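Inspection log for the structure reproduced underneath, given as structure tokens.
Number of protein chains: 2
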Amino acid sequence: MKQNYKTLFENHLKSLYAKPLDQTLDEAMMYSLLAGGKRIRPVLLFSTLELLQVDPKKGLSVATAIEMIHTYSLIHDDLPAMDDDDYRRGKLTNHKVFGEAVAILAGDGLLTDSFAQISKDESLNLEQRIQLITLISEAAGTRGMVGGQMLDIKAEESELTLEELKRVHRHKTGDLIKACFVCAGFIAEQPTDVLKQLSEIGQRFGLIFQIKDDILDVEGNFEQMGKAVGSDENNAKSTYVSLLGLEGAKEAMQTLNKETLELISSLNGDHSALNDLLQYIISREK
Amino acid sequence: MKQNYKTLFENHLKSLYAKPLDQTLDEAMMYSLLAGGKRIRPVLLFSTLELLQVDPKKGLSVATAIEMIHTYSLIHDDLPAMDDDDYRRGKLTNHKVFGEAVAILAGDGLLTDSFAQISKDESLNLEQRIQLITLISEAAGTRGMVGGQMLDIKAEESELTLEELKRVHRHKTGDLIKACFVCAGFIAEQPTDVLKQLSEIGQRFGLIFQIKDDILDVEGNFEQMGKAVGSDENNAKSTYVSLLGLEGAKEAMQTLNKETLELISSLNGDHSALNDLLQYIISREK
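Heads up: the protein sequence lines correspond to chains Y and S, in order. The opening residue of the first sequence carries number 207 in our numbering; numbering runs sequentially from there. The opening residue of the second sequence carries number 207 in our numbering; numbering runs sequentially from there.
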């Protein structure tokens, strides 16, 4: 099922940017959009819609917008002035192929265009579109993802407490992952209590995702990951593993897993797609 | 009158970012937002609203969003990988003060946050907010401003024809300036024919603005401009002056001025604020 969503979604992505103003800019955006990501965020959105008994296709524009935003953030994150990474998902990073100026513009373009994806989707009513745009702008903006990236940059200068580390990741990766769940709630026109429940589930998914990332940075290898591993330890960066130990991080992830499964089971509907996805995130090897 | 709008607007800008997630990021954004720009775009929007007999305050959120987008584009444009400028408006550029990583994030943050400015403005109805977000996302995105910046980068490699130069500027600076006029039309709930008229006026304003910029690059000086002048000639960059000559560029600007005044006079309302603004743009010395 997850694979079907991924295929549906990737076919949709390929249809974007059909009429270029500039060919190079479009190539640069499509290079990173189609670089073989896991599509975790879109699939989270589609799976949550399935649980809420809404046709996942109704989430296509929002999933696209979120993936465009996620992709822009990776392009900018990889820049020499930021993480200075040469590889991402086993391929050269955007600026290594197209140069820094184009990479900056490709990121800016994906981010800017993402909002029109939602605002022009007439299968959603006006109120839904406004709710979704507000949520995504805030989750991705300076009180969300961008703010979290800033906290992350500062964190490199000092050792963090567990609470400080959680704060970094709650914003840097958590807010946009959480937004996938709440967006599904908006699309399915759910009442406030369900939205709150979805937000709680999303927050835990974000945390689990990050803890697993930190574990993989220790246990993974370049071939599986498609990017440099062990970089956290080399950079003396605070991670869940450095603060809790490898076993401690795995235990924390399992505790969150249990909580999340309970929260999911309290929602009405077929929980299987979302439960499967949670297990995939926890057991993934890249 | 123009000065009043500017003061109203700047007081509003100062109220943004009152609750920082990260102090440095907010400082970096505010540094560039409050760096003493001319506020041409907000004042164009307010003046058009005045002509259309709508309280200019109703355009505050949209003016803020557009100025945030304009500001982000300057921050990214000044980066070493782009134009590599040290000064802007007589002050050090963002990355010279805060470093490249923060400047990239400050730009990303301003851009992302700009959409929530509009989506959360309850003084506009849902349809207006969706129209405005679509228009601004498209005017600033890869088919608008970002695409134009890409064309501009490529243009540095070759000599342009007048038509090619117009195409660069129609997108790079023109689309967002034109959007100010059409946004005012949406806020004032104007019919299609007036929206079309506003778009025609906006397109000419954008062109006039750019021709004047090219003239100032030849005739201005650092003290007035607050940035390096003569840079176009040093870079052998195609400009209206290089293609038409200084007198030819001035004539083209006067022809457009006449056309624009006629278009403005065909709209119902008090034309003085917009006419004054046009004369200000044409006669400005920085």
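Even for Gly, the Cβ is constructed at its ideal location relative to N, Cα and C. Since the model is a prediction, treat every value here as computed from it, not as a measurement.
Could you tell me whether any Cβ in chain Y is nearer than 8 Å to the Cβ of residue i?
i                      : result
residue 314 of chain S : yes
residue 207 of chain S : Because residue 207 of chain S sits at a pLDDT of 47, beneath the cut-off of 50, its placement in the model cannot be relied upon, and the following sentence gives the value as read from the coordinates. No, residue 207 of chain S lies away from the interface with chain Y (no Cβ there is under 8 Å from its Cβ).
residue 274 of chain S : no
residue 507 of chain S : The structure shown has nothing for residue 507 of chain S, since chain S only spans 207 to 492.
residue 247 of chain S : no
residue 303 of chain S : no
residue 261 of chain S : no
residue 256 of chain S : no
residue 243 of chain S : no
residue 285 of chain S : yes
Measure from the alpha carbon of residue i to the alpha carbon of each residue in the options, then state which is nearest.
i                      : options                    : result
residue 216 of chain Y : Y/424, Y/484, Y/273, Y/261 : Y/273
residue 328 of chain S : S/242, S/264, S/258        : S/264
residue 391 of chain Y : Y/311, Y/365, Y/330, Y/459 : Y/330
residue 382 of chain Y : Y/275, Y/244, Y/222        : Y/275
residue 453 of chain Y : Y/417, Y/468, Y/464        : Y/417
residue 419 of chain Y : Y/367, Y/315, Y/490        : Y/490
residue 393 of chain Y : Y/307, Y/409, Y/337        : Y/337
residue 506 of chain S : S/461, S/367, S/399, S/456 : A question about residue 506 of chain S goes unanswered here, because the residues of chain S that appear run from 207 up to 492.
residue 251 of chain S : S/384, S/400, S/323, S/492 : S/384
residue 477 of chain S : S/349, S/363, S/257, S/297 : S/257
residue 306 of chain Y : Y/228, Y/317, Y/291, Y/465 : Y/291
residue 411 of chain Y : Y/461, Y/422, Y/426        : Y/461
residue 442 of chain S : S/219, S/304, S/364, S/351 : S/364
residue 271 of chain S : S/247, S/474, S/402        : S/247
residue 310 of chain S : S/368, S/376, S/332, S/230 : S/230
Only counting the same chain, and skipping five residues up and downstream in sequence, which positions put a Cβ closer than 6 Å to that of residue i?
i                      : result
residue 482 of chain S : none
residue 378 of chain S : 354, 355, 358
residue 373 of chain S : none
residue 254 of chain S : 387, 390
residue 277 of chain Y : 238, 239, 316
residue 345 of chain S : 381, 382, 385
Does any residue of chain S bring its CB to less than 8 Å from the CB of residue i?
i                      : result
residue 344 of chain Y : yes
residue 416 of chain Y : no
residue 319 of chain Y : yes
residue 227 of chain Y : yes
residue 353 of chain Y : yes
residue 282 of chain Y : yes
residue 326 of chain Y : yes
residue 306 of chain Y : yes
Spatial neighbours of residue i within its chain, please: CB distance less than 7 Å, with the 5 preceding and 5 following residues excluded, ordered by chain position.
i                      : result
residue 207 of chain Y : In this predicted model, residue 207 of chain Y has a pLDDT of only 47, less than 50, meaning its place in the structure is not dependable; the value taken from the coordinates is given anyway. For residue 207 of chain Y, where only same-chain residues beyond five positions count, the Cβ hits under 7 Å are 479.
residue 288 of chain S : 282
residue 212 of chain Y : 245, 249
residue 488 of chain S : 414, 418, 459, 463
residue 260 of chain S : 393, 394
Leaving aside the five residues before and after residue i along the sequence, list all residues of the same chain whose C-beta is less than 8 Å from its C-beta, in chain order.
i                      : result
residue 226 of chain Y : 232
residue 371 of chain Y : 361, 444, 445, 446, 449
residue 223 of chain Y : 232, 235, 236
Round the Cβ separation of residue i and residue j to the nearest angstrom and send it over; I've been treating them as touching at under 8 Å.
i                      : j                      : result
residue 320 of chain Y : residue 335 of chain Y : Not quite, the Cβ-Cβ distance comes to about 13 Å (not below 8 Å), so this is no contact.
residue 300 of chain S : residue 284 of chain S : 7 Å
residue 352 of chain Y : residue 318 of chain S : 6 Å
residue 218 of chain Y : residue 266 of chain Y : 6 Å
residue 340 of chain S : residue 322 of chain Y : 5 Å
Alpha helix (DSSP H) runs wholly inside the stretch 395-477 of chain S, at least 4 long, in chain order: Correct list: 398-425, 428-431, 437-440, 446-471.
Whole alpha helix (DSSP H) elements within the stretch 328-372 of chain Y, 4-residue minimum: The stretch 328-372 of chain Y contains these whole alpha helix (DSSP H) runs: 332-346, 351-361.
Minimum length 4: unbroken alpha helix (DSSP H) runs contained in the stretch 255-282 of chain S: Here no run is fully enclosed.
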